[in-house]
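Presented below is the structure to which this report refers.
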Amino acid sequence: FISWLISAERLPDGVNIIVITPVEFILLQVKLAAYGAAFTVLTLLLSEGAWRGSKNPAFKQRMLEIKASTPKPSLALMSTLIGVLTLGLLGVAYAWNLLTPMLLEYLTTDAQNAGLSTEWRLSGYVGFIANLAIASAIGFQAPVATLLVLRLEVVAREDVRGYRRHIWFTAFILGAFLSPPDPLSLFLVALPVIVLFEAALMLDSLTRSVPASQA
Numbered sequence: 326f327i328s329w330l331i332s333a334e335r336l337p338d339g340v341n342i343i344v345i346t347p348v349e350f351i352l353l354q355v356k357l358a359a360y361g362a363a364f365t366v367l368t369l370l371l372s373e374g375a376w377r378g379s380k381n382p383a384f385k386q387r388m389l390e391i392k393a394s395t396p397k398p399s400l401a402l403m404s405t406l407i408g409v410l411t412l413g414l415l416g417v418a419y420a421w422n423l424l425t426p427m428l429l430e431y432l433t434t435d436a437q438n439a440g441l442s443t444e445w446r447l448s449g450y451v452g453f454i455a456n457l458a459i460a461s462a463i464g465f466q467a468p469v470a471t472l473l474v475l476r477l478e479v480v481a482r483e484d485v486r487g488y489r490r491h492i493w494f495t496a497f498i499l500g501a502f503l504s505p506p507d508p509l510s511l512f513l514v515a516l517p518v519i520v521l522f523e524a525a526l527m528l529d530s531l532t533r534s535v536p537a538s539q540a
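Have a look at this one:
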């Protein structure tokens with residue numbers, strides 16, 4: 326994976342990838358494998374725990390005592406999960422196909438115009454791409470979060486619209502924490518969040534049912 330990531334077609338012209346320590350390449354491979362394994366194990370443990378917990382007799386008895394029923398997957402829940410997964414994948418695709426190449430080209434040209442040699446550390450290069458992908462995947466969840474808040478009536482729609490400027494500002498603050506430390510990355514990460522937030526507000530207004538008393 327790393328060899329493909331640092332191939333010539335993935336790098337801007339004049340960029341060389343270097344390692345600073347003898348074990349940097351091996352440690353990076355171990356770190357990536359550990360993150361992937363931890364995510365897989367955590368997902369499996371949560372799924373297994375939820376399934377076994379729902380089948381546990383003590384859990385069923387307790388649910389009967391409090392006169393509650395075991396929650397079952399609903400259309401809304403499945404739609405939310407599918408939306409989260411789809412938007413996350415779209416965020417990664419946005420970062421991979423548009424955001425990363427654009428930023429790498431811009432930052433490389435800026436450094437070369439200043440007379441600097443563009444030699445990037447391997448761990449820094451991979452971390453830069455990973456941070457952009459994670460930030461975009463999280464940022465693209467804005468429509469799901471907005472619709473959940475509105476549909477569950479946690480916050481009134483009028484309040485959300487009234488605090489629109491504050492939400493925009495918060496998007497840039499979160500973008501600053503999640504994106505690499507340069508203004509262009511901040512803007513390109515925060516802008517889709519704002520656009521998707523506004524799209525969620527529009528979708529909510531189009532699909533929200535009108536109460537019978539107002540019909």
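So the mapping is simple: my numbering equals the position in the sequence shown, first residue as 1, plus 325.
All C-beta atoms in this analysis are idealised placements derived from N, C-alpha and C, irrespective of residue type, glycine included.
Less than 8 Å divides the Cβ of Arg-482 from the Cβ of Leu-475. For Ile-519, the enclosing alpha helix (DSSP H) has its first and last residue at 508-532. In the same chain as Trp-445, and ignoring 5 residues on each side of it, the C-beta atoms closer than 6 Å to its own belong to Ile-342, in chain order. Ala-420 is positioned such that its CB atom lies closer than 8 Å to that of Leu-457.
As the crow flies, the alpha-carbon of Val-451 is around 32 Å from that of Ala-524.
At the C-beta level, Leu-415 and Phe-465 come within 8 Å of one another. Here Asp-529 has Thr-471, Leu-472, Leu-475, Arg-476 and Arg-482 as same chain residues with Cβ atoms under 8 Å from its own Cβ, once five neighbours each way along the sequence are excluded. Judged by DSSP in its simplified three-state form, Glu-349 adopts helix. For the options Glu-349, Leu-369 and Thr-434, the alpha carbon positioned closest to that of Pro-337 is the one of Thr-434.
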